[in-house]
Amino acid sequence: MRSSLQKYLLIFAPFICFLIGYSLCSMFMGNKSYPTPNLIGTTLHEAVLQTSPFHINIQLAAEKECPGIAHGTIISQKPAPGRQIKPHQSIVVVICKLPAERQAPDLQGLTEAKAQELCAQQRLKLKSYPIEYPLPTSTCIGQTPQKAQKFLIKK
């Protein structure tokens with residue numbers, strides 16, 4: 526009976542010692558966790574400066590057009606502020622980007638139907654104002670913005 530106890534002890538003693546050693550090491554040298562900082566409203570550059578001392582990464586999930594908000598401003602984050610995060614984990618953020626600039630198509634000399642078709646292809650809204658002019662009816666004689674002029678699209 527004594528020999529069987531010694532046999533089991535010889536088999537399980539290294540495993541038990543390993544578990545005790547691993548537990549002690551993780552208590553004294555384990556990864557610390559930090560509360561996730563609130564990055565919403567800060568720029569991407571400021572967020573990197575905030576998270577770098579803790580070795581927390583920033584991962585860009587998407588860019589959304591946000592008129593009225595500065596380019597590069599963080600508008601959402603995961604995990605939420607205050608949740609625990611460990612070093613080398615990522616905070617996934619969504620930032621604002623500038624609205625897309627477009628160029629105005631050349632509509633001068635086109636009929637209203639062709640101008641409407643061209644604007645529809647480019648997903649632009651056409652407004653026309655008829656005036657008397659010695660050209661065929663419904664012909665575009667001027668436009669604003671001018672052809673190839675850049676403008677921002679409002680959504």
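Everything in the sequence shown is counted per my numbering, starting at 526 for the first residue and increasing by one.
We put the CB at the ideal spot given by N, CA and C, even for glycine.
All of these numbers come straight from a predicted model, not from anything done at the bench.
| task | Using beta-carbon positions only, say whether Gln609 and Ser558 come within less than 7 Å of one another. | result | Going by C-beta atoms, Gln609 is nearer than 7 Å to Ser558.
| query | So what does Asn582 bridge to, in DSSP terms? | reply | Ser615
| Beta-carbon separation of Ala572 and Leu585 under 7 Å? | no
| task | Find out if the Cβ-Cβ distance for the pair Ile545, Glu588 is shorter than 7 Å. | result | no
| field | Contacting residues, own chain, Cβ-Cβ under 8 Å from Pro630 (five flanking each side not counted) | value | For Pro630, where only same-chain residues beyond five positions count, the Cβ hits under 8 Å are Leu643, Cys644, Gln647, Leu649 and Lys672.
| request: Within 10 angstroms of the Cβ of Thr662, are there 16 or more other Cβ atoms? Answer buried if so, exposed if not. | output: exposed
| Rounded straight-line distance, which links the Cα of Thr567 to that of Gly634 | 49 Å
| query | In terms of alpha-carbon separation, which member of Phe540, Leu534 and Ile581 lies closest to Val618? | reply | Ile581
| Can you give the beta carbon distance from Asn556 to Lys603, rounded, assuming they're within the 8 Å contact cut? | Contact between Asn556 and Lys603 is absent: CB atoms are separated by about 20 Å, not below the 8 Å threshold.
| query | Are the beta-carbon atoms of Gly597 and Leu569 separated by less than 7 Å? | reply | yes
| request: Classify Ser577 as helix, strand or coil using the three-state DSSP reduction. | output: helix
| query | In chain order, what residues of the same chain have a beta carbon less than 6 Å from the beta carbon of Pro606, not counting five sequence neighbours either side? | reply | Thr561 and Asn563
| said: Check this for me: beta carbons of Leu632 and Cys591, under 7 Å apart or not? | reply: no
| request: Check each candidate in Lys652, Ile599 and Ala638 and name the one with the smallest Cα separation from Thr669. | output: Lys652
| request: For chain B, find out if any of its Cβ atoms is closer than 7 Å to the Cβ of Ile656; answer yes or no. | output: Looking at the structure shown, chain B is missing, and only one protein chain is on hand.
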